[in-house]
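Student: Sequential numbering of the sequence shown, starting at 763, is according to the numbering used here. Please see the structure below; I have some questions.
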Amino acid sequence: MINNQFYPLLVLALVFFAHAPSLNSGLHYDDQHSLLDNPHIRDLGNLPRFFIDPTAFSAHPEFAMYRPLGLVAHALNFAIGDYDPWGYQLLNLTA
């Protein structure tokens with residue numbers, strides 16, 4: 763019998779392996795305006811702006827949303843791996 767302390771690890775492993783194929787999927791849906799065309803995530807100096815300016819969410823002001831932690835994650839992903847979808851997918855999977 764498996765010790766009870768290993769059940770959470772087993773669940774995490776199952777979830778990871780079930781969603782691992784998504785790591786190879788590309789960017790899609792709103793990624794064009796919120797990532798690829800968004801100049802705000804390309805500069806880590808904009809991090810404070812993410813917490814006060816909803817228009818930093820997108821290249822298009824009409825899609826303004828207050829999601830500062832998501833923008834921080836996008837900016838860090840961009841700083842580490844540019845627009846490599848694998849990093850964005852991995853962060854979403856682990857979050």
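Just so it is clear, CB atoms sit at the ideal spot from N, CA and C, and this is done for glycine as well. Keep in mind it's a predicted model, so treat the numbers as computed, not measured.
By DSSP, does Ser784 sit in helix, in strand, or in coil?
Tutor: helix
Student: Let's see if you can read the secondary structure: which residues bound the alpha helix (DSSP H) around Gln851?
Tutor: Pro847 to Thr856
Student: Do the segment 778-786 and the segment 797-806 make contact, defined as three or more Cβ pairs closer than 8 angstroms?
Tutor: Too few Cβ pairs lie closer than 8 angstroms, so no.
Student: Under three-state DSSP, which class holds Ala826?
Tutor: Three-state DSSP puts Ala826 in coil, outside helix and strand.
Student: Measuring CA to CA, which of Leu852, Ser820 and Ala835 is closest to Asp793?
Tutor: Ser820
Student: I'd like the span of the alpha helix (DSSP H) that includes Pro810, first residue to last.
Tutor: Leu809 to Phe812
Student: Within a Cβ cutoff of 7 angstroms, which residues of the same chain sit near Phe812, ignoring the five residues on either side of it in sequence?
Tutor: Ala818, Pro830, Leu833 and Val834
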